[in-house]
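J.: Chains as they are written, first to last, in the numbering used here: chain A, 1048 to 1159; chain B, 11 to 120. We treat Cβ as the ideally placed atom computed from N, Cα and C, and that holds for glycine. Sharing a structure, written as structure tokens. Questions coming.
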Amino acid sequence: DVKVTQSSRYLVKRTGEKVFLECVQDMDHENMFWYRQDPGLGLRLIYFSYDVKMKEKGDIPEGYSVSREKKERFSLILESASTNQTSMYLCASLDRESYGYTFGSGTRLTVV
Amino acid sequence: KNEVEQSPQNLTAQEGEFITINCSYSVGISALHWLQQHPGGGIVSLFMLSSGKKKHGRLIATINIQEKHSSLHITASHPRDSAVYICAVRESFGNEKLTFGTGTRLTIIP
């Protein structure tokens, strides 16, 4: 089974801090995604990557950047955390052959 | 951009009841996914549908492409089925991005 691992389940950061959320997948998938999930809004795409060093903005990229230096790892960076970035963050990877998505267990980030 | 709507938003039922969750979308799609999210956050993929019907255990998913509508059914519901069920659509082949509904929170009472 594909495994997508997010490094932290819960994170509390201060306003203005630089925050790194890490995601690692173990199945050599090319496509990886970062979403945030907020009550009443569903999952919204922040960024996705279709190969190493390749990235594309999603629907809500403002205040975020990403890094994909190795195929298995896709990092989400909050350059200067703000309280409106308090949310659940979910990483996913895609098997292009089956079009099956595998999600990580999520990181609940609180910015105070 | 596709609009994905789910109904109901919240559903509470007694153990053993037959459950139906609905999903409708506004623009033609290449595939529809049903996902399950338990408290704590992790999301599990249940089904991917392009047409017709799929069954896995007590779960059944159907899709009507002409009506732009899908349903997820749970037979003989059990408290462990309590979760948020999310519908997501992929608009075209080669487009890997999903558009998500806001989810249906299902609670099964023993």
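1) Report the residue from A/Ser1145, A/Arg1091, A/Val1159, A/Leu1123 whose alpha carbon sits nearest the alpha carbon of A/His1076.
2) Can you tell me whether A/Gln1053 is buried or exposed, with buried defined as 16 or more other CB within 10 angstroms of its CB?
3) Is the CB-CB distance between B/Asn12 and B/Ser36 below 8 Å?
4) Using 8 Å as the threshold, is the C-beta distance between A/Leu1156 and A/Val1066 below it?
5) I want to see whether chain B comes within less than 8 Å of A/Leu1123, judged by CB atoms only; does it?
6) Should the region 36–50 of chain B be regarded as contacting the region 90–98 of chain B, the criterion being three or more beta carbon pairs within less than 8 Å?
7) Which ranges does the beta strand (DSSP E) cover as unbroken runs of at least 3 residues, wholly within the region 23–102 of chain B, from first to last along the chain?
8) Using a Cβ cut-off of 9 Å, pull out every chain A residue sitting near B/Phe57, in sequence order please.
9) Using a beta-carbon distance below 8 Å, is A/Phe1067 in contact with chain B?
10) Starting from A/Leu1123 and walking both ways along the beta strand (DSSP E), at which residues does that stretch end?
11) Under 8 Å Cβ to Cβ from B/Gln76, same chain only, skipping five residues before and after it: list those, please.
12) Using a C-beta to C-beta distance shorter than 7 Å, which residues of chain A count as neighbours of B/Gly111?
13) Grouping DSSP H, G and I as helix and E and B as strand, with all else coil, what is A/Asn1078?
14) With distances taken from CA atoms, which of A/Met1074, A/Glu1103, A/Leu1058, A/Gly1151 is nearest B/Lys107?
15) Considering only the alpha carbon of each residue, which of A/Thr1133, A/Asp1142, A/Cys1138 lies closest to A/Leu1058?
16) Under 8 Å between beta-carbons, which chain A residues line up against B/His43? List them in chain order, please.
17) Kindly give me the distance between the Cβ atoms of B/Asn32 and B/Gln16, rounded to whole angstroms, as I take these residues to be in contact under 8 Å.
18) Can you tell me whether A/Gln1132 is helix, strand or coil according to DSSP?
T.: By the coordinates alone:
1) A/Ser1145
2) Result: buried.
3) yes
4) yes
5) no
6) Yes, since at least three Cβ pairs between the region 36–50 of chain B and the region 90–98 of chain B fall closer than 8 Å, the two stretches touch.
7) Those beta strand (DSSP E) runs which fall completely within the region 23–102 of chain B and span 3+ residues are 29–35, 41–47, 53–59, 62–66, 69–74, 79–84, 93–100.
8) The premise fails here: B/Phe57 is roughly 10 Å from chain A at the closest Cβ pair, so nothing lies under 9 Å.
9) no
10) Looking at the DSSP string, the run of the beta strand (DSSP E) that includes A/Leu1123 is 1120–1125.
11) Closer than 8 Å at the Cβ level, and outside the excluded window around B/Gln76, lies no residue.
12) Correct list: Gly1089.
13) strand
14) A/Glu1103
15) A/Thr1133
16) Tyr1148
17) 7 Å
18) helix
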